[in-house]
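**Student:** Before I ask anything, let me first share the structure, which is written out below as structure tokens.
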Amino acid sequence: MDRVLVRLIAATSFLALSLLPALSEPKHGIAMQGEPALPPDYTHFDYVDPDAPKGGSVTYCVVGSFDNLNPFILKSLRTTARGMMDTVYGNLVFEPLMQRNYNEPFSLYGLLADSADMDPDRKSIEFHLNPNAKWSDGQPVTPEDVLFTYDVFTAKGRPPYSDRMSMIAKLEKTGDHSVKFTFNDKANREFPLIVALTPIIPKHAFDKDSFDKTTLKPLIGSGPYTVDKVQPGQRIVFKRNPNYWGKDIPAKRGFDNFDQITIEYFLNANAKTEAFKKGICALDDETDPVKRDRDIDIPAFRRGEVKQEYFDTGIPPVVTGFLFNTRLPKFSNPVVRRALGMLYDFEWANKNLFAGKFNRTMSFWQNSELSALGHPAGDREKALLAPYPDRVPAEVMDGTWRPPVTDGSGQDRKVLREAFDLLKGAGYYIQDGRMVDPQGNLFGFEILTSSQDEERLAALYQRTLEKIGIGVTIRSLDGDQIQSRKQRFDFEVLIGTSGFNNSLSPGSEQVGRWGSVAARQEGSFNLAGVADPAVDAAIKAMLNARAKEDYVAAVRVLDRLLISGNYIVPMQYNTQQWLAYWSYLEHPQKTPIFGYQLPAWWRKPN
1 MDRVLVRLIA ATSFLALSLL PALSEPKHGI AMQGEPALPP DYTHFDYVDP DAPKGGSVTY
61 CVVGSFDNLN PFILKSLRTT ARGMMDTVYG NLVFEPLMQR NYNEPFSLYG LLADSADMDP
121 DRKSIEFHLN PNAKWSDGQP VTPEDVLFTY DVFTAKGRPP YSDRMSMIAK LEKTGDHSVK
181 FTFNDKANRE FPLIVALTPI IPKHAFDKDS FDKTTLKPLI GSGPYTVDKV QPGQRIVFKR
241 NPNYWGKDIP AKRGFDNFDQ ITIEYFLNAN AKTEAFKKGI CALDDETDPV KRDRDIDIPA
301 FRRGEVKQEY FDTGIPPVVT GFLFNTRLPK FSNPVVRRAL GMLYDFEWAN KNLFAGKFNR
361 TMSFWQNSEL SALGHPAGDR EKALLAPYPD RVPAEVMDGT WRPPVTDGSG QDRKVLREAF
421 DLLKGAGYYI QDGRMVDPQG NLFGFEILTS SQDEERLAAL YQRTLEKIGI GVTIRSLDGD
481 QIQSRKQRFD FEVLIGTSGF NNSLSPGSEQ VGRWGSVAAR QEGSFNLAGV ADPAVDAAIK
541 AMLNARAKED YVAAVRVLDR LLISGNYIVP MQYNTQQWLA YWSYLEHPQK TPIFGYQLPA
601 WWRKPN
């Protein structure tokens, strides 16, 4: 062949190859922003002891009940047994494709999938399953299990699992140990990580037709524990699987150290505290500093058999407060909600109830660069808010907004007057000592509580509101009743002492908390019923941000909108996590940015 022709063919082939899209390579980890911090040859997460001793038992205690072991269905959504798939006690039975490192904002490392091949534009991701991954009955984890998981979740699962196929254009088996997700235009840049965190279930152990029915039959998973004993509503016992497939992979070294984990259920917080004092419960996580100081003064503590410890975290504090159901006409006006928000007397509560040990909650991402507090809105934020003029007050835009500070007397007339003037401007007035709305109806509402601590805070709020004629009733319900009412959005005001946990990498969970679609979706976590196009746009911008500057701007816009919407009357927080525990427990020296991690604790030998 002519040498010129050969060179021409070679050059043409090189040019054709150069025009092909760049191929990504399978990686041991993926991150929401940038690259994962740990190298491919990492041996364990840095907040565990890889040589922690195995053995012994531990009993954790919770308030509530349970009548179901399947955490993926709508029925008994909020009364499913703890531990099956749990952010506090660990994913004991069901596992995702990749494991989160809690010392990074949002990075995942190999678990059921030992690597992932994500295209640079995040339009697809291929997971390579660990060939050693097995279910607790010894059968291998296969691509067919992944396909079945998404099929049954879509047909029979609960939100958010039931919604995930709506963002997937194609889900296919690409090899004996690989499966590929191709996304459609509804997906965002975080969605590949959400897919990686979705628990996988075994096809051979579940029946699709009956999947949405509650069950107390022990379920098969791939996790480090199996269900050993079940006493409905009272106790669930997990036994460590000696043949757990993943005990030696880097993402699991140092975890799952107890031979047996028992979770006990109690009707109320006081009963749980008494059980801790008697040694039934291994630990106590009381949030009230006055109550914890009183309750910890027991003989076992004085003998050194019980310890108390404070753990520093690097994440925004949990947001707790009185949450309004804005689906109701009485709470549809943000001006009314703003006036009501002014009437929680934090200064009195902090001095008289909490010994001055709390700070006021003012932002959903407080104490971080994502917060609107102290950060004037820049050009990126103003551009995002431009289609929604006047949605954010000037003081929230410039970062100077703060809730009113009272004199701590419990009857600061200046603050009461300011709140009353807001209501008056919205058409409300006083008649025979009672607040009346513009339609002539008496204005008041009911607060649901589920503990004595919640009742105490509700009574404080009630007392202040009644000073300007707003009638408030307090109804105490047990945990099951509260959860059922939440699921049906059947409430006026909730006191959310469990709160909203926020991270340094907020993502798709914000859709479920504040998105318009979730507001209409039974069982969703958008309890406030927020349905605001501006909020939806901020969440969308956050999820699709490529540069960190764009991401921070979008989260700050969301923060400003939530503050301005007055959907919740924020209360107080403490910057540290507190825990009391019996001294037979031990934990690693390092605390990750998300706080202590119970799955990395162990029982001291002997």
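Under full-length UniProt numbering, the first residue of the sequence shown carries the number 1, and numbering increases by one thereafter.
Every residue gets a Cβ at the ideal spot worked out from N, C-alpha and C, and that includes glycine.
Going by beta-carbon coordinates alone, are Leu385 and Val557 separated by less than 8 angstroms?
**Tutor:** Your numbering for residue 385 matches position 385 in the sequence shown. Your numbering for residue 557 matches position 557 in the sequence shown. Yes, they are a contact pair.
**Student:** Just to confirm the assignment, what range does the alpha helix (DSSP H) spanning Trp348 have?
**Tutor:** Locating residue 348 in the sequence shown gives position 348, where the first residue counts as 1. Trp348 -> alpha helix (DSSP H) spans 346-352.
**Student:** Around the Cβ of Ser162, are there at least 16 other Cβ atoms within 10 angstroms (buried) or fewer (exposed)?
**Tutor:** Within the sequence shown, residue 162 is the residue found at index 162, counting from 1. Flag for Ser162 reads buried.
**Student:** Could you tell me which of Gly56, Thr80, Val88, Pro105 sits nearest to Pro36, measuring between CA atoms?
**Tutor:** What you label residue 36 is simply residue 36 of the sequence shown in a count that begins at 1. Nearest of Gly56, Thr80, Val88, Pro105 to Pro36, Cα basis: Pro105.
**Student:** Beta-carbon within less than 6 angstroms of Thr273's beta-carbon, same chain only, minus the 5 sequence neighbours each way: which residues are those?
**Tutor:** Counting from one through the sequence shown, the residue named residue 273 turns up at place 273. Within the same chain, Thr273 has close Cβ partners Asp295.
**Student:** From Lys590 to Asp117, what distance separates their C-alpha atoms?
**Tutor:** Your numbering for residue 590 matches position 590 in the sequence shown. Your numbering for residue 117 matches position 117 in the sequence shown. If you take the alpha carbons of Lys590 and Asp117, they lie about 31 angstroms apart.
**Student:** CB-CB under 6 angstroms to Lys156, same chain, minus the five flanking residues each way: which ones, in chain order?
**Tutor:** For the purposes of this step, residue 156 is taken as residue 156 along the sequence shown, with counting starting at 1. Cβ within range, chain order: Phe211, Asp212.
**Student:** Nearest-angstrom Cα distance between Leu442 and Gly90?
**Tutor:** Your numbering for residue 442 matches position 442 in the sequence shown. Your numbering for residue 90 matches position 90 in the sequence shown. Their backbone Cα atoms lie some 48 angstroms apart in a straight line.
**Student:** Nearest to Asp151 by CA position, among Ser451, Ile220, Lys170, is which residue?
**Tutor:** Residue mapping note: residue 151 aligns to position 151 of the sequence shown, counting from 1. Comparing Cα positions, the closest option is Lys170.
**Student:** First and last residue of the beta strand (DSSP E) that includes Trp578?
**Tutor:** As a position in the sequence shown, residue 578 is number 578, starting the count at 1. Segment 576-582, the beta strand (DSSP E) holding Trp578.
**Student:** Count the other CB atoms, across all protein chains shown, that sit within 10 Å of the CB of Pro533; report buried if there are 16 or more and exposed otherwise.
**Tutor:** What you label residue 533 is simply residue 533 of the sequence shown in a count that begins at 1. By the 10 Å Cβ count, Pro533 comes out exposed.
**Student:** Just to confirm, is the Cβ distance from Phe94 to Pro199 under 8 angstroms?
**Tutor:** Counted from its first residue, the sequence shown places residue 94 at position 94. Counted from its first residue, the sequence shown places residue 199 at position 199. Closer than 8 angstroms, so yes.
**Student:** Beta strand (DSSP E) containing Leu457: first to last residue?
**Tutor:** For this step, residue 457 is matched to residue 457 along the sequence shown. Segment 452-466 is the alpha helix (DSSP H) holding Leu457; no beta strand (DSSP E) there.
**Student:** To the nearest angstrom, report how far apart Gly34 and Pro26 are at their CA atoms.
**Tutor:** Numbered from 1 along the sequence shown, position 34 holds the residue referred to as residue 34. Numbered from 1 along the sequence shown, position 26 holds the residue referred to as residue 26. Distance between the alpha carbons of Gly34 and Pro26: 16 angstroms.
**Student:** In whole angstroms, what is the alpha-carbon distance linking Met362 and Pro570?
**Tutor:** Within the sequence shown, numbered from 1, the residue matching residue 362 stands at position 362. Within the sequence shown, numbered from 1, the residue matching residue 570 stands at position 570. Going from the Cα of Met362 to the Cα of Pro570 covers about 7 angstroms.
**Student:** Once you ignore the five residues that flank Asn333 on each side, which residues in its own chain have a CB closer than 8 angstroms to its CB?
**Tutor:** Taking the first residue of the sequence shown as position 1, residue 333 is located at position 333. Around Asn333: Ala426.
**Student:** Please classify Thr142: is it buried, with 16 or more other beta-carbons within 10 angstroms of its beta-carbon, or exposed?
**Tutor:** Residue mapping note: residue 142 aligns to position 142 of the sequence shown, counting from 1. Its Cβ being crowded by 16 or more others within 10 Å, Thr142 is buried.
**Student:** Excluding the five sequence neighbours on either side, which residues of its own chain have a C-beta within less than 6 angstroms of the C-beta of Met397, listed in chain order?
**Tutor:** As a first step, residue 397 must be located in the sequence shown, where it is residue number 397. Ala377, listed in sequence order.
**Student:** Of the residues Leu561, Met542, Arg488, Phe127, which one's Cα is nearest the Cα of Ala553?
**Tutor:** Within the sequence shown, the letter at position 553 stands for residue 553. That would be Met542, whose Cα lies nearest to the Cα of Ala553.
**Student:** DSSP on Gln366, reduced to helix/strand/coil?
**Tutor:** Looking up residue 366 in the sequence shown gives position 366. Coil, per DSSP.
**Student:** Would a C-beta distance cut-off of 8 angstroms place Leu328 and Glu586 closer than the cut-off?
**Tutor:** Position 328 of the sequence shown holds residue 328. Position 586 of the sequence shown holds residue 586. No, Cβ-Cβ distance for Leu328 and Glu586 is not below 8 angstroms.
**Student:** Give the single residue among Leu129, Glu264, Gln487, Asp480 whose Cα lies nearest to the Cα of Lys229.
**Tutor:** Taking the first residue of the sequence shown as position 1, residue 229 is located at position 229. Out of Leu129, Glu264, Gln487, Asp480, Glu264 has the C-alpha closest to the C-alpha of Lys229.
**Student:** Given this structure, state the Cα-to-Cα distance separating Pro605 from Ser476, to the nearest angstrom.
**Tutor:** As a first step, residue 605 is located in the sequence shown; it is residue number 605 there, counting from the start. As a first step, residue 476 is located in the sequence shown; it is residue number 476 there, counting from the start. Cα to Cα, Pro605 sits roughly 43 angstroms from Ser476.
**Student:** Compute the Euclidean distance between the alpha carbons of Trp602 and Trp401, then round it to the nearest angstrom.
**Tutor:** Against the sequence shown, residue 602 aligns to sequence position 602. Against the sequence shown, residue 401 aligns to sequence position 401. Their Cα atoms are separated by approximately 45 angstroms.
**Student:** Out of Leu353, Ser450, Gln431, Ser451, which has the shortest C-alpha to C-alpha gap to Gly408?
**Tutor:** Sequence index remark: in the sequence shown, residue 408 carries index 408 (1-based). Among Leu353, Ser450, Gln431, Ser451, the Cα nearest to that of Gly408 is on Leu353.
**Student:** Would Leu108 be called buried (16 or more neighbouring beta carbons within 10 Å of its own) or exposed?
**Tutor:** Taking the sequence shown and counting its residues from 1, one reaches residue 108 at position 108. It is buried - the Cβ of Leu108 has at least 16 other Cβ atoms within 10 Å.
**Student:** Only counting the same chain, and skipping five residues up and downstream in sequence, which positions put a Cβ closer than 6 angstroms to that of Pro53?
**Tutor:** Along the sequence shown, one-based indexing puts residue 53 at 53. Trp602, Pro605.
**Student:** What is the rounded straight-line gap between the Cα of Pro457 and the Cα of Ala349?
**Tutor:** Position 457 of the sequence shown, counted from the first residue, corresponds to residue 457. Position 349 of the sequence shown, counted from the first residue, corresponds to residue 349. Checking the sequence, you will find Leu at residue 457 rather than Pro. Whole-angstrom Cα-Cα distance: 8 angstroms.
**Student:** Could you pull out every residue in the same chain whose Cβ sits closer than 7 angstroms to the Cβ of Arg360, ignoring the five residues on either side in sequence?
**Tutor:** The residue given as residue 360 occupies position 360 in the sequence shown. So the qualifying residues of the chain are Phe346, Pro403, Gln572.
**Student:** Closest by CA to Gly399, which one among Thr149, Lys424, Ser564, Arg100?
**Tutor:** Residue mapping note: residue 399 aligns to position 399 of the sequence shown, counting from 1. Closest option to Gly399, Cα to Cα, is Ser564.
**Student:** Please classify Leu598 as buried or exposed, where buried requires at least 16 other C-beta atoms within 10 Å of its C-beta.
**Tutor:** Position 598 of the sequence shown holds residue 598. By the 10 Å Cβ count, Leu598 comes out buried.
**Student:** So, for Thr43: in the same chain, excluding its five sequence neighbours on each side, which residues have a beta-carbon less than 6 angstroms away from its beta-carbon?
**Tutor:** As a first step, residue 43 must be located in the sequence shown, where it is residue number 43. Around Thr43: Pro250.
**Student:** Three-state secondary structure (DSSP) at His204?
**Tutor:** Taking the sequence shown and counting its residues from 1, the one referred to as residue 204 is at position 204. It is helical.
**Student:** Could you work out which residue in Val336, Pro140, Thr262 is closest to Ala81 when comparing CA atoms only?
**Tutor:** As a working mapping, residue 81 is identified with position 81 in the sequence shown. Minimum Cα distance to Ala81 is reached at Thr262.
**Student:** With DSSP run on the structure shown, which of helix, strand or coil describes Ser18?
**Tutor:** On the sequence shown, position 18 is the one that residue 18 refers to. Because Ser18 carries a pLDDT of 39, less than 50, the predicted location of this residue cannot be relied on, and no value is offered for it.
**Student:** Secondary structure at Tyr161, three-state DSSP: helix, strand or coil?
**Tutor:** In the sequence shown, counting from the first residue as 1, residue 161 sits at position 161. DSSP places Tyr161 in helix when its eight states are reduced to three.
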